[in-house]
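One gets the working numbering by counting positions in the sequence shown from 1 and adding 802 to each.
For reference, the structure discussed in these notes is given below.
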Amino acid sequence: MSDITIVGTGNVGAGIAARGVAAGHSLPLLDRDVDTARQLAGTLDVDADPGTVGDEPTGDIVVLAVPFEAAEEIVADYGAALSGKTVVDITNPVDFDTFDSLVVAPGTSAAETIAGLADDGVHVVKAFNTTFAAPVRTGEVAGQPLDVFIAGESDQAKEKVSGFASAAGLRPIDVGPLRRTRHLEGFQFVVMTLQADPASPAFNWDTALKILTP
Ligand SMILES: NC(=O)c1ccc[n+]([C@@H]2O[C@H](COP(=O)([O-])OP(=O)(O)OC[C@H]3O[C@@H](n4cnc5c(N)ncnc54)[C@H](OP(=O)(O)O)[C@@H]3O)[C@@H](O)[C@H]2O)c1
């Protein structure tokens, strides 16, 4: 299996690392603080080489498990070092000051903004923005495998991310081109507001967005 580099070893970075272990990948882990990356690497049962953001991202797939603004910086700073790679944007660009809107303008998305900052030849794919940190760690909610909604321009890059999701026990769903990310990000914002809403006490960041079939 090809390597998956995970940049950012916080809540979702750790969850995606758990899926990487389930899929049998080696997992170079990069954090601002190498000790934080080391800590996570020490909990994983695979080769998980820890390093610092800015080190060469060796994976064929590079998951940016960081806040939107950090993902913008990281893609711009890495530049051509990401060329030919599949870069996975998982961000939800929510305005956390108001928790009432996104920080991206209507008619665009975090994924499209990140793709616009990336060098030519970098394949930006949106995935995992609708999978909360706790569920992605186990890969399921209520015995149902998580759906992973995948959008991007490159079919080959989307197939790589789908292959990872399937091997990790999840159900990948290709929802189309990168512009679909406007809707993925917008709908996930609605789902997030429900987790924080006292009127929805059953929703505690442990839910999953899934399309059920008969
Ligand atoms: N939490 C969820 O359930 C969930 C679900 C889907 C998608 N997301 C998205 O996933 C991303 C990560 O969320 P999270 O909950 O995992 O956050 P988190 O636990 O706070 O982890 C954030 C990670 O990003 C790193 N980071 C922060 N600012 C950085 C910068 N300027 N440069 C480099 N690295 C930086 C942090 O590094 P340090 O260790 O140095 O602080 C940490 O490793 C966000 O974009 C979020 O919208 C979250």
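Every residue gets a Cβ at the ideal spot worked out from N, C-alpha and C, and that includes glycine.
Item	Value
Expected contact under 8 Å - CB spacing of valine 926 and alanine 917 to nearest Å	4 Å
Element boundaries [beta strand (DSSP E), containing leucine 832]	831-833
Buried versus exposed, by CB contacts within 10 Å (16 or more), aspartate 835	exposed
Any non-hydrogen atom of ligand 1 closer than 8 Å to asparagine 813 Cβ	yes
8 Å CB neighbourhood of proline 1016 in its chain, flanking five on each side removed	none
Proline 1016, enclosing alpha helix (DSSP H) - first and last residue	Premise fails: proline 1016 is in no alpha helix (DSSP H) and is neither H nor E.
Check: arginine 1029 C-beta below 8 Å from any heavy atom of ligand 1	The shown model of the chain, from 803 to 1016, leaves out residue 1029, and the question about it has no answer.
Alpha-carbon to alpha-carbon, valine 977 and glycine 954	9 Å
Rounded separation between aspartate 949 and lysine 960 - CA only	14 Å
Beta-carbon separation (whole angstroms), glycine 853 vs leucine 832, contact threshold 8 Å	5 Å
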